[in-house]
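Enquirer:
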Amino acid sequence: MANLPDIAPLADHHTSALLDQGYCIIPAALPAASARDLAEDLSADFERAAASTGPFYGNDTKRFGSLLRRSPHAQAFVQHDLILAVVRQILGPWCDRVALNLTQAIELMPGSIEQVPHRDQDMWPCSRLVDPDLHVEFLVNVMWPFTSFTRDNGATRVWPGSHRRQDETILDPDEAIVAEMEPGSALLFLGSTLHAGGANKTDHPRRGMIVSYALGWLKPYELQWLAYPPDVARQFDPDLSDLIGYRIHRPNLGNYEGHCPSKMLRSTDANIGAVDALGDEQHALIEAYRREGLLPSVAPS
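Numbering (the working numbering), first residue to last: 7 to 307.
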């Protein structure tokens with residue numbers, strides 16, 4: 007990204023807007039040329055991609071994932087410093103680490119109809135069981151345009167404040183804003199925010215990409231270990247391989263043979279016993295049990 011001496015104030019600003027409205031737009035988050043380079047790398051994939059099937063995806067759209075192995079330019083978008091700083095402020099309180107949820111290129115073909123409004127976090131049933139007063143977020147989405155996003159070609163519609171109205175499935179269409187923007191800009195919105203792709207009323211395809219990040223203990227929308235198997239993932243830098251899921255989440259979640267899966271990418275020594283990866287809470291409980299002979303939660307009064 008651009009040279010920024012200190013991204014903390016910018017991250018605070020965009021995080022505040024995201025929590026207040028459920029979405030924000032970062033203009034010129036990357037140079038427009040970066041978006042053009044990535045779009046060019048993916049142009050053949052767009053041409054080859056078959057139309058989607060189903061009432062949610064839309065029969066008049068094209069979609070494909072695994073973008074990090076389709077173009078080296080995707081990494082700058084996925085590991086954008088400012089966006090990751092915002093994502094970690096939003097999701098960090100609820101997980102040990104954040105993880106990449108998906109990368110997906112999307113084309114709205116000419117004549118495509120409006121998508122049904124939805125909240126992406128609804129793919130995880132547990133999101134409906136959380137007390138809304140806790141303000142737990144499961145997901146942050148980032149929409150990157152490859153072409154101009156306009157009202158006429160189906161720019162994403164977002165309902166401001168809808169993340170605080172999760173008991174309302176359908177909201178007045180007139181309350182939605184149309185996120186018009188140019189390549190290089192980024193639209194961020196929460197998994198709890200109601201949104202939908204618009205209708206493409208033009209004669210040209212509307213192309214873009216969505217990158218999303220989720221709590222590290224959730225099963226991702228795009229199964230990253232199939233998108234980027236070990237032979238692919240070990241070519242990535244450690245921060246990126248961690249982000250796509252080759253990193254244990256305490257306590258001991260997502261291990262391989264009792265180890266952080268990052269070891270599988272960096273070492274061939276398999277003759278090592280299982281190693282705990284516990285959080286402070288688990289260490290405290292174990293120490294209390296050893297010290298008192300029973301867990302605090304079952305101690306006699």
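Cβ coordinates follow ideal geometry from the N, Cα and C atoms, glycine included.
Going by C-alpha distance, which of P151, G222 and G264 is nearest I31?
Expert: Residue 31 sits at position 25 when you count from the first residue of the sequence shown. For I31, the closest of P151, G222 and G264 by C-alpha to C-alpha distance is P151.
Enquirer: How far does the beta strand (DSSP E) with T109 in it extend, from its first residue to its last?
Expert: Here residue 109 refers to the residue found at position 103 when the sequence shown is read from its first residue. Run containing T109: V104 to L114, per the beta strand (DSSP E) assignment.
Enquirer: Could you tell me whether the Cβ atoms of T156 and E186 are closer together than 7 Å?
Expert: Your numbering for residue 156 matches position 150 in the sequence shown. Your numbering for residue 186 matches position 180 in the sequence shown. In this structure, E186 lies closer than 7 Å to T156 by Cβ.
Enquirer: Please report the distance separating the alpha-carbon of D5 from that of V122.
Expert: This structure does not reach residue 5, given that the chain is present from 7 up to 307, and the question cannot be answered.
Enquirer: Quick check on DSSP: helix, strand or coil for Y269?
Expert: Taking the sequence shown and counting its residues from 1, one reaches residue 269 at position 263. The amino acid occupying residue 269 in the given sequence is Lys; Tyr does not appear at that position. In the structure shown, K269 sits in a helix (DSSP, three-state: H, G or I).
Enquirer: When the Cβ atoms of the region 53-69 are set against those of the region 231-242, are three or more pairs found closer than 8 Å?
Expert: no
Enquirer: What does the Cβ neighbour count give for F62, buried or exposed, with the cut at 16 atoms within 10 Å?
Expert: Residue mapping note: residue 62 aligns to position 56 of the sequence shown, counting from 1. Exposed.
Enquirer: Give the DSSP-derived three-state secondary structure of R42 in the structure shown.
Expert: Counting from 1 along the sequence shown, the entry for residue 42 is found at position 36. Looking at R42 - three-state DSSP - the assignment turns out to be helix.
Enquirer: Buried or exposed for S22, please, with buried defined as at least 16 other CB atoms from any protein chain shown within 10 angstroms of its CB.
Expert: Translated into positions along the sequence shown, residue 22 becomes position 16. So S22 counts as exposed.
Enquirer: Taking DSSP as the reference, what is the three-state secondary structure of T67?
Expert: The sequence position of residue 67 within the sequence shown is 61, counting from 1. Strand at T67.
Enquirer: Check whether the region 178-185 and the region 128-142 touch, using three or more Cβ-Cβ pairs below 8 Å as the test.
Expert: no
Enquirer: Does DSSP put R163 in a helix, a strand or coil?
Expert: Taking the first residue of the sequence shown as 1, we reach residue 163 at position 157. DSSP places R163 in strand when its eight states are reduced to three.
Enquirer: Leaving aside the five residues before and after R75 along the sequence, list all residues of the same chain whose C-beta is less than 8 Å from its C-beta, in chain order.
Expert: Within the sequence shown, residue 75 is the residue found at index 69, counting from 1. Once the five neighbours on either side are set aside, the close Cβ partners of R75 are A233, Y234 and V238.
Enquirer: Check L145 in the structure and name its three-state DSSP category.
Expert: Along the sequence shown, read from residue 1 onward, the residue named residue 145 stands at position 139. L145: strand per DSSP, three-state reduction.
Enquirer: Buried or exposed for R134, going by 16 or more other Cβ atoms inside 10 Å?
Expert: Taking the first residue of the sequence shown as 1, we reach residue 134 at position 128. Exposed, by the Cβ-count rule.
Enquirer: In angstroms with no decimal places, state the Cα-to-Cα distance between G214 and G190.
Expert: On the sequence shown, residue 214 is found 208 positions in, with the first residue counted as 1. On the sequence shown, residue 190 is found 184 positions in, with the first residue counted as 1. Computed Cα separation, rounded: 11 Å.
Enquirer: Measure from the alpha carbon of S247 to the alpha carbon of each residue in V164, F52, H19 and R103, then state which is nearest.
Expert: Against the sequence shown, residue 247 aligns to sequence position 241. Closest option to S247, Cα to Cα, is R103.
Enquirer: Specify, as a first and last residue, the run of the alpha helix (DSSP H) that I216 falls within.
Expert: The residue you call residue 216 lines up with position 210 of the sequence shown. Per DSSP, I216 belongs to no alpha helix (DSSP H); it is in the beta strand (DSSP E), R212 to L221.
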